[in-house]
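Pasting the structure below:
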């Protein structure tokens, strides 16, 4: 993976994902024991963090991760560089001469594609409207931690067929999981991504299922997953989305309908009482805080693989 871009989870092979998870397990174990790494593998490395959208988890986990690995991160926002001030092309050509890699968190997927095309250094997708690969990698890593396996695990995503779902569908299909989606009419996922995920499912023994009924989708699931109904940039659609997603809230009743051992996940930030209740988020069957923590460990493994050496 050295020197490679990560714009989609589908850029990785199944073996590369599993190797990444094994390295994340090692890094996590060492960090939890000593809160440091004895031989930091990224001394002298620098990561540019180009964020057109605000963030808590993505920013802190990449920045803290670089520091813990012996490197350094530079946080750049849209008002300081890109946009009207400077083109994506010019930003890419400059940054490739200053730093070792770029993580970009933006809206249009075309931005990370252009950054990758125009720069000679690795570009990591920290979030676009199309995909959220780092989130999905941490989520599936967390599922493996919880269940000790991935093949045959059933994940039911309740809500919007959005960027997080896209990455989970691709990754889950690649790893032999069954990924279900319950969504209201008008909020289906991208058909091109679904076709790619179906192809991966055929190759690796995964499965995709779709429904408009949350109860049907969660029945027998190992994991019930949800995301905010209204994401950044969709604020004008808030009331419309609340009406459309009424009945898609993950609460205790829905979790009980899934099964006695089913766990709940949410990529955060959450609108408590809207797409998920506080009772579920803070309850004994929530692994939300584990998946949040694992953003740090999986992204550290990714950074080591991409820019270590």
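Residue numbers (this note's numbering): 194 to 502.
A virtual CB, placed ideally from N, CA and C, is assigned to each residue, including glycine.
Note that the structure is predicted; figures quoted are calculated from it, not measured.
- Here residue 250 is buried. Its C-beta has 16 or more other C-beta atoms within 10 Å.
- In its chain, beyond the 5 residues on either side, 281, 285, 295, 297 and 316 have a beta carbon closer than 7 Å to the beta carbon of residue 308.
- Taking 8 Å as the cut-off, the beta carbon of residue 382 is found no closer than this to the beta carbon of residue 437.
- Check the Cα spacing between residue 409 and each of 287, 223 and 451: the tightest is with 451.
- Per DSSP, residue 319 is not a residue of any alpha helix (DSSP H); the beta strand (DSSP E) it occupies stretches across 316 to 320.
- Taking C-alpha positions only, residue 385 is separated from residue 350 by approximately 19 Å.
- Nearest C-alpha to residue 246 among 496, 318, 458 and 212: 318.
- By the C-beta criterion, the segment 326 to 338 is judged not to be in contact with the segment 394 to 412, since fewer than 3 inter-stretch pairs fall below 8 Å.
- A residue is called buried once 16 or more other Cβ atoms fall within 10 Å of its Cβ, and residue 291, having fewer, is exposed.
- In the DSSP assignment, the residues bridged to residue 240 are 266 and 294.
- Along the length of the segment 196 to 263, whole alpha helix (DSSP H) runs at least 4 residues long occupy 207 to 227 and 250 to 261, reported in chain order.
- Straight-line spacing of the CA atoms in residue 470 and residue 287 works out to 45 Å.
- Rounded to the nearest angstrom, the gap between the Cα atoms of residue 478 and residue 204 is 32 Å.
- When rounded, the separation of the alpha-carbon atoms in residue 322 and residue 306 is 13 Å.
- Comparing alpha carbon positions, the residue from 354, 201, 461 and 391 closest to residue 404 is 354.
- Residue pairing for residue 351: DSSP places it in a beta bridge opposite 375 and 419.
- Closest by C-alpha distance to residue 221, out of 237, 254 and 236, is 254.
- A straight line joining the alpha-carbon of residue 278 with that of residue 289 spans about 18 Å.
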